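Asks: Let me begin by handing over the structure; questions about it come next.
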Amino acid sequence: MKKFLSLVLAACMLFGVGAMAETAEEPSYTYNGSLTTFPTNWNPHQYKTETEDTAVLAYITDSFFEFDYNDTMDSYAMKPSMVVGDPEDVTADYVGDKWGIPEGTTARAWKYTLRNDLKWEDGTPITTADVLYSMMKQLNPQAQNYRADSFYAGSTVIHNAEAYAKSGVYAYSSLLNADDPQYLADSDFTVGEDGFYTYNGADVALSLTNSNMWSSNSLTDYCGAGYFSEDLYNALKSGEGADGYVKVNADVVKTLQQITAVLHNYESAEAYAAAEGDYAYQEWEEFLFVGKVNDAMSFDEVGVQALDDYSFVFILDKPLQGFQLKYNLSMTLVNKDLYEKCEKYENGVYTNSYGTSADTTISYGPYKMVSFQQDKEIVYEKNPNWYGYALPENENFYQTTRRVLTYVAEDSTKMEMFLAGKLDGVGLTKDYAEEYENSEYCYTVEGASVFAMTLNPDLDALTANQKAAGENINKTILTVKEFRQALSFSLDRAAFNIACVPGSAPAFGLFGDTIVGDVENAVFYRSTDAAKQVLVDFWGLSDEVGEGKMYATNDDAIDAITGYNLEMARDYFNKAYDIAIEKGLMDDDDVVQIIIGLPSASSTTYNRGYEFLVNNYTEAVKGTKLEGKLTFVRDDTVGNGFGDALRNNQVDMLFLVGWNGSTFDPYNLMQAYLDPAYQYDAAVDYSNTMVTVDLSMGKMTTDAVSWFNITNGTPCKVKNEAGEEVELVLPYSYDETVAADRLLVLAALENVLLQNYDFIPTTNDASMILRGMKVNFYTEEEIFPMSYGNDIKHITYNYTDAEWDAFVAEHGGVLNYK
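Position one of the sequence shown corresponds to residue 239 (the numbering used here), numbered consecutively onward.
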């Protein structure tokens, strides 16, 4: 999944500067762009942000299939790129126990055939061996790569990929089986000489931040909210290891039994047992995990098999076919010789410098990196060994001979450079939007992301942070949902976007208008009845829709949503204050301090956003119990690590952040919101958040994470209306009923996530740009997802570099775009 998923900032990539001398043999066409945030690590196995993808990998890599215009130029098509033809279903050849495929199964094994003219930039042929090596290294257990789960998360599960990636690695799993929890007897545990418990040779441990099967709230949450004493908490905390787990001994057992009793409103474990029986002395096991080193595994057991130098087979644990097969089952190659020069494994620590400089980068795409100077300039030139230049269908494309990206921090500097002909495009900030919005060179570009204000209400971390911040500083009010609701209702999204992101529109849901819910029929999710109902319900308008009511249809109601209700927000600020005081989260002389993270100190967009939010909320709390008690601090040092900064509670809030990728697979994209490895609100455990969905077979209930798995092809237990447990799976399917049910699940998950008010949508991804006179876009109409054909393949030129320099000089060095 991570192949398509990256953290994204608003307006983080624009256009830049560069020049090149021409030769008599071939005219020079340089496409000049700028970056406000520079890439730092574009290792295909490790990169995390959109910048690494769009500023580097997009030029130097290729893919099995690519998006392009369809024959009628009104939509998209997926066309073979590195492969020949469509994948071939060869499932019948892999039936049997080895791959876990029963007779009669289809869509579980797919044969791919590579082109025989693929090469690295140095002319070395690319073969099946490169594919297998790249996958093996992406799944390398020692590396624990960020993008390893591309091959085993969501709907794309290559056989044994996850097992190999975790082989030989110490890992924790639940002690009890969630599907059939059977408590263990005391005699089932082994007590070592050190007093610690093991079970079947595995360490027995608990986590203060993850209550496992017992609750979605952690022990840290319960203690912080005053449900049990700090003495009990500290008795466990004192045994916490560097990995965040507490190994279990007899004292830990007694403490956990006591805490469990207190959480059930009993004075002691003995009192709980007197009322409920021996269950009181067993329930503590629901908190427990077991940790052990996983068994070793050979890569030969992973579901990718070479047939010859140019063909190979992917073997899957879940059926995958059609559009989603081509879209999801892809990968980025790494060069074996260079990769191994960049790897180090010393004293148990793995490091890899591949994809961090020009010297550690090698291309197999249309362009190659010829120079990289951090926070200065990146230069690309055509890769002469790329097969695509010889294809007849590319004859009129890839006119660009050189691509230059320059670091330019100030928006005013970018505009000066653009008007001087040194940039071939520029994004318009508020300072320039009104001035140029009617220019014939102005385009509004719609993206797929929804940008949001995000928070991570981790009670333990916020408690520690407010203690470190000094006396009478409060942060734990952020854990009060009513406070986060007040932040949402008091934000005038329309004014915020006008001030910060010209061309964009307010966002009111998790997904924007260009997320596709039905890929086979090109139906956008936001246009479906299920998605519309989510917005109407979430914004409290469901009782106002219908004949004779305020709104005749859901569409009318949605058109009326602003997200702004200052009177309601002030009520919620007061409620939040009262709750915080009542629960002991806040004293009446405390001042709330919110640290807002900014990815750049010089970004006009984020500087304006910060100023807007501070002024907005300072004004919003006037007349409430929080008047004079709400303060803000900026941290503009987080850079590309903005997501981790929030997850680690280095900052308390981010804004204009979101997710990029999986535009055509929102079911897969849900992992970004439900998996702590990706969630901005990593403190929230959605595996214990129950969700009921009214499907074609009736109402079904299970947790949010299980619903994610169900819609991505993994069977899970759900409860029907009769309270019976049944198994359910809703994989990608051509069946209309299954497709409709999957859509209902997606909508239900969107609603649940919105209800937490940790990811508060503010902005639909859109921007205004000016096209330079030197270049032409492929189309004047925006066609999803190719936009205007303003990418490196489709852009054409009105001037060579030399002609352009002369043209600019003729106009006195300043061009008029009004």
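Glycine included, each C-beta is placed from N, C-alpha and C at the ideal position. Please read these numbers as outputs of a predicted model, since none were measured by experiment.
(1) Which stretch, first to last residue, makes up the beta strand (DSSP E) that contains residue 870?
(2) If you drop the 5 nearest sequence neighbours on each side, which residues of the same chain put their C-beta closer than 7 Å to that of residue 300?
(3) Give me the Cα-Cα distance between residue 294 and residue 1053, rounded to the nearest whole angstrom.
(4) So, for residue 766: in the same chain, excluding its five sequence neighbours on each side, which residues have a beta-carbon less than 7 Å away from its beta-carbon?
(5) Once you ignore the five residues that flank residue 822 on each side, which residues in its own chain have a CB closer than 6 Å to its CB?
(6) Take the Cβ of residue 713 as the centre, count every other Cβ of all protein chains shown within 10 Å, and call the residue buried at 16 or more, exposed below.
(7) So, for residue 730: in the same chain, excluding its five sequence neighbours on each side, which residues have a beta-carbon less than 6 Å away from its beta-carbon?
(8) Using only CA atoms, which one of 609, 745, 559 lies nearest to residue 951?
(9) Distance check for residue 782 and residue 253, CA to CA, integer angstroms please.
(10) Taking a contact to mean a Cβ-Cβ separation below 7 Å, would you say residue 352 touches residue 548 in this structure?
(11) Kindly indicate which three-state DSSP category residue 682 falls into: helix, strand or coil?
(12) Rounding to the nearest angstrom, what Cα-Cα distance links residue 746 and residue 1002 in this structure?
(13) Would you kindly report the start and end of the unbroken alpha helix (DSSP H) that includes residue 1042?
(14) Is there contact between the stretch 392–400 and the stretch 535–547, where contact requires at least three CB pairs shorter than 8 Å?
(15) How should residue 969 be labelled, buried or exposed, when 16 other C-beta atoms within 10 angstroms of its C-beta is the threshold for buried?
(16) Whose C-beta lies closer than 8 Å to the C-beta of residue 358 among residues of the same chain, with five residues either side of it excluded?
(17) State buried or exposed for residue 441, treating a residue as buried only when at least 16 other CB atoms are found within 10 Å of its CB.
(18) Does residue 523 pass the burial test, meaning 16 or more other C-beta atoms within 10 Å, or should it be called exposed?
(19) Should residue 896 be labelled buried (16 or more other beta-carbon atoms within 10 Å of its own) or exposed?
(20) Between the Cα of residue 383 and the Cα atoms of 403, 790, 627, which residue gives the shortest distance?
(21) Return the Cβ separation of residue 636 and residue 355 in integer angstroms, given the expectation that the two are a contact with Cβ distance under 8 Å.
(22) Sorted by chain position, which residues of the same chain lie with C-beta nearer than 8 Å to residue 568's C-beta, five sequence neighbours on each side aside?
(23) May I ask which residues mark the beginning and end of the alpha helix (DSSP H) holding residue 726?
(24) DSSP on residue 304, reduced to helix/strand/coil?
(25) Does the contact criterion of 3 or more C-beta pairs under 8 Å hold for the stretch 666–677 versus the stretch 423–441?
(26) Would the stretch 868–886 and the stretch 844–857 be scored as touching if the rule is three or more Cβ pairs under 8 Å?
(27) Give the range of the beta strand (DSSP E) segment to which residue 351 is assigned.
(28) Three or more beta-carbon pairs under 8 Å between the stretch 918–929 and the stretch 578–593, yes or no?
(29) Which residue or residues does DSSP assign as beta-bridge partners of residue 429?
(30) Using three-state DSSP, classify residue 552 as helix, strand or coil.
(31) Could you give the first and the last residue of the continuous beta strand (DSSP E) run that contains residue 929?
(32) Please confirm whether residue 776 and residue 763 have their CB atoms less than 7 Å apart.
(33) Would DSSP call residue 188 helix, strand or coil?
(34) For residue 280, I'd like the list of residues in its chain whose CB is within less than 7 Å of its CB, leaving aside the five on either flank, ordered along the chain.
(35) From what residue to what residue does the beta strand (DSSP E) around residue 997 run?
(36) Would you mind stating whether residue 962 and residue 955 have Cβ atoms separated by less than 7 Å?
Replies: According to the structure data:
(1) 868–873
(2) 319, 320, 602, 603
(3) 30 Å
(4) 755, 981
(5) 464
(6) buried
(7) 802
(8) 559
(9) Low local confidence applies: a pLDDT of 36 at residue 253 is under 50, so the model's placement there is unreliable, with the coordinate-based value given in what follows. Answer to the nearest angstrom: the Cα atoms are 46 Å apart.
(10) yes
(11) strand
(12) 9 Å
(13) 1039–1048
(14) yes
(15) buried
(16) 364, 573, 600, 601, 602, 623
(17) buried
(18) buried
(19) buried
(20) 403
(21) Not a contact, Cβ separation roughly 16 Å.
(22) 241, 301, 302, 303
(23) 719–727
(24) strand
(25) no
(26) yes
(27) 347–351
(28) no
(29) 435
(30) strand
(31) 928–933
(32) no
(33) Nothing can be reported for residue 188: it is not among the residues displayed for the chain, which extend from 239 to 1056.
(34) 290, 294, 295, 593
(35) 997–1009
(36) no
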